[in-house]
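As structure tokens, the structure follows; a few thoughts come after it.
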Amino acid sequence: MPAPTPTSRKFLGRLPLPERNYLADALRTETVGGVLLLIAALAALIWANTPLSDSYASVSAFHAGPAALGLDLSVQHWAADGLLAIFFFVAGIELKRELVAGELRDPRAAALPVIAALSGMVAPALVYVLVNSVGGGSLGGWAVPTATDIAFALAVLAVIGTSLPSALRAFLLTLAVVDDLFAILIIAIFFTSDLNFAALGGAFAGLALFWLLLRKGVRGWYVYVPLALVIWGLMYNSGVHATIAGVAMGLMLRCTRREGEEQSPGERVEHLVRPLSAGLAVPLFALFSAGVPVSGSALGQVFTRPETLGVVLGLVVGKAVGIFGGTWLAARFTRAELNEDLGWPDVFALASLAGIGFTVSLLIGELAFTTDPALTDEVKAAVLTGSVIAAVLSGVLLKLRVRTYRALYEDEERDEDQDGIPDVYEQDDPGYHLRMASLYEAKAAEHRRLAEHAGATREDDDSPA
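Last residue of the sequence shown: number 464 in numbering that gives the first Met the number 0, and the count goes up by one each step with no gaps.
Below you can see the structure in the form of structure tokens.
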């Protein structure tokens, strides 16, 4: 195969081994968390649509916390403003790592996923605005269909059993990381209430102390966890959404490895906190946010009311068209060559999968319509509906190519010399070929022995009695 020209780059090509190993570890946790997220969402829907619905409303509205500190919040608010700060903390670490050691560290390589993710947010917003401009609905929910939920998307992959090649999974993860960045900016810019500058100044002072301690190499969870709680509380009282505190602290962690380090501090903390985020924080948020009344009339309103229809079409149509179109244009103008083992239908299937916009879409839906609880519930139902449609559509598209994906995945995972490194990464290693030669020679010797034994047995059977 001829080597690519200096001006061309492989899009969706094989990942470097360290990146592949990091990705496998991260996505393994996110997949388990995604399954828990699905279970929590289903539990919320069942709880809110049975005779126990009154208890669901009571538990969600139950208040707890120190009122003197401005933190007397309902359970639902603790889940949205408190637990999701852990989720955004992990998102901040992911973003920092992508910027310094991942796909986004090279501006040329970063251009394609950034353009794809940005297009995948602009297009759904435009679809929502168009639907509501024509239908006379509220434009306040334009940001609801712009987010992608990586955990939910990976849970769908786990359920349908598709073994995506690592390059496709990496592209999906990078899209989600960039998506989270823009979602963070949207929340910070468009959903910030009246500012309390004293609390905001205190939050910035806490962040400065957090950064200084990191730079000085101070270690110990008993130092950082209490400080993080103080920063979160000040950020909440400042009027800026409290999850921004999590992002800011995540971005401050060092994500590059120094000599002698197996993991950077950011990778180490992410490895510890990601299970807490994926396995507890996000599922609990889903449990207290996804419980909306579902009935025939309610589902009918999803497709008739402009606000909810805009959300559904934004997730299903806007996401797929935006990401696919942005990817195609970026690849064309950056002269990036598509991996010959994959095709543009695979990119479209992945773009459809990105239409699953559960966690952050639910959060933005709550922020966008805080003065209209009924519309908030309808928008949540629209997020659930759009995410389910996107999941089914992408599942069908991915199933059509499952044999190709499985073959590529098995080729990536094959380790015939059993040294813990996939064979595709050792083709330039003489030691690998010597090990394989020894294995084949041993197999050949065994087959010769078996052939001699089989020949001797046949001669004994053919000899006269």
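C-beta: ideal position from N, C-alpha, C; glycine also.
Nearest neighbour of residue i, chosen from the options [CA to CA]
{"i": "Leu156", "options": "Ala443, Asp427, Ser393 and Thr456", "result": "Ser393"}
{"i": "Phe190", "options": "Val239, Tyr221, Leu233 and Gly201", "result": "Val239"}
{"i": "Ala207", "options": "Val89, Ala244 and Glu93", "result": "Ala244"}
{"i": "Ser165", "options": "Gly313, His270, Leu180 and Glu409", "result": "Glu409"}
{"i": "Val293", "options": "Arg13, Ile45 and Leu213", "result": "Ile45"}
{"i": "Leu174", "options": "Ala187, Arg257, Leu94 and Arg253", "result": "Leu94"}
{"i": "Val31", "options": "Val281, Ala441, Leu438 and Thr370", "result": "Val281"}
{"i": "Leu184", "options": "Gly201, Tyr21, Thr145 and Ala169", "result": "Thr145"}
{"i": "Thr303", "options": "Val315, Pro429, Phe209 and Gly135", "result": "Gly135"}
{"i": "Val391", "options": "Leu194, Val58, Ala63 and Phe151", "result": "Phe151"}
{"i": "Leu117", "options": "Leu103, Gly101, Val89 and Asp178", "result": "Asp178"}
{"i": "Asp345", "options": "Pro106, Phe323 and Gly364", "result": "Phe323"}
{"i": "Trp343", "options": "Phe332, Arg331, Leu352 and Trp327", "result": "Trp327"}
{"i": "Ser351", "options": "Leu407, Pro50, Ala23 and Thr147", "result": "Thr147"}
{"i": "Met234", "options": "Val224, Val222 and Ala247", "result": "Ala247"}
{"i": "Thr384", "options": "Ser59, Gly299, Ser132 and Gly119", "result": "Gly299"}
{"i": "Thr333", "options": "Leu16, Leu51, Val58 and Ala115", "result": "Ala115"}
{"i": "Asp24", "options": "His270, Ala39, Val378 and Asp428", "result": "His270"}
{"i": "Val158", "options": "Ala389, Val34 and Lys442", "result": "Val34"}
{"i": "Val378", "options": "Gln426, Asp418, Lys398 and Pro305", "result": "Pro305"}
{"i": "Gly249", "options": "Gly91, Asp193, Val222 and Ala40", "result": "Gly91"}
{"i": "Lys215", "options": "Ala202, Met251, Leu399 and Pro17", "result": "Met251"}
{"i": "Ala406", "options": "Ala353, Leu341, Arg331 and Arg96", "result": "Leu341"}
Anticipated Cβ contact below 8 Å, residue i with residue j, distance rounded
{"i": "Ala368", "j": "Ala79", "result": "Before going further, note that residue 368 is Phe rather than Ala in the sequence given. The pair is not a contact, with the Cβ atoms about 14 Å apart (cut-off 8 Å)."}
{"i": "Ala198", "j": "Asn236", "result": "4 Å"}
{"i": "Leu98", "j": "Gly317", "result": "That pair is no contact at about 27 Å."}
{"i": "Asp422", "j": "Arg434", "result": "No, Asp422 and Arg434 are not in contact; Cβ-Cβ is about 10 Å, not under 8 Å."}
{"i": "Val382", "j": "Leu361", "result": "6 Å"}
{"i": "Phe347", "j": "Ala319", "result": "7 Å"}
{"i": "Val128", "j": "Leu138", "result": "6 Å"}
{"i": "Leu167", "j": "Leu349", "result": "6 Å"}
{"i": "Val310", "j": "Val143", "result": "5 Å"}
{"i": "Leu163", "j": "Tyr404", "result": "6 Å"}
{"i": "Pro123", "j": "Gly313", "result": "3 Å"}
{"i": "Ala169", "j": "Leu286", "result": "Wrong, their Cβ atoms sit about 30 Å apart, outside the cutoff."}
{"i": "Ala380", "j": "Ala43", "result": "Their Cβ separation, rounded to whole angstroms, is 12 Å, which puts Ala380 and Ala43 out of contact at 8 Å."}
{"i": "Gly364", "j": "Gly81", "result": "No, Gly364 and Gly81 are not in contact; Cβ-Cβ is about 18 Å, not under 8 Å."}
{"i": "Ala47", "j": "Val291", "result": "6 Å"}
Any chain D beta carbon closer than 8 Å to residue i
{"i": "Gly419", "result": "Although the question refers to chain D, the structure presented lacks it and comprises just one protein chain."}
DSSP state of residue i mapped onto helix, strand, coil
{"i": "Ser73", "result": "strand"}
{"i": "Thr335", "result": "According to the sequence as given, residue 335 is Ala; it is not Thr. The answer is strand: DSSP assigns Ala335 an E or B state."}
{"i": "His452", "result": "helix"}
{"i": "Glu258", "result": "coil"}
{"i": "His240", "result": "coil"}
{"i": "Ala63", "result": "strand"}
{"i": "Phe287", "result": "helix"}
{"i": "Phe190", "result": "coil"}
{"i": "Phe196", "result": "helix"}
{"i": "Pro1", "result": "Because the pLDDT at Pro1 is just 44, under 50, the model does not fix this residue reliably, and the point stays unresolved."}
{"i": "Phe302", "result": "coil"}
{"i": "Pro17", "result": "helix"}
### Query
Does the count of Cβ pairs from the region 66-86 and the region 271-278 closer than 8 Å reach three?
yes
### Task
Enumerate, from N- to C-terminal direction, the unbroken alpha helix (DSSP H) stretches of 4 or more residues contained entirely within the region 343-423.
343-352, 358-367, 372-398 and 401-412
### Task
Indicate whether the contact test is met: 3 or more Cβ pairs, each with one atom in the region 357-367 and one in the region 50-68, closer than 8 Å.
no
### Query
Hey, is the region 102-116 in contact with the region 257-271, meaning 3+ C-beta pairs nearer than 8 Å?
no
### Message
Tell me whether the region 221-230 and the region 70-77 touch, counting them as touching only if at least three CB pairs, one residue from each stretch, are closer than 8 Å.
### Response
no
### Query
Is the region 332-340 touching the region 8-22 in the sense that three or more CB pairs, one from each, lie closer than 8 Å?
yes
### Query
What beta strand (DSSP E) runs, 3 residues minimum, are completely inside the region 68-143?
none
### Task
Write down every uninterrupted run of the alpha helix (DSSP H) in the region 194-232 whose length is 4 residues or greater and which is fully enclosed by it, in chain order.
196-214
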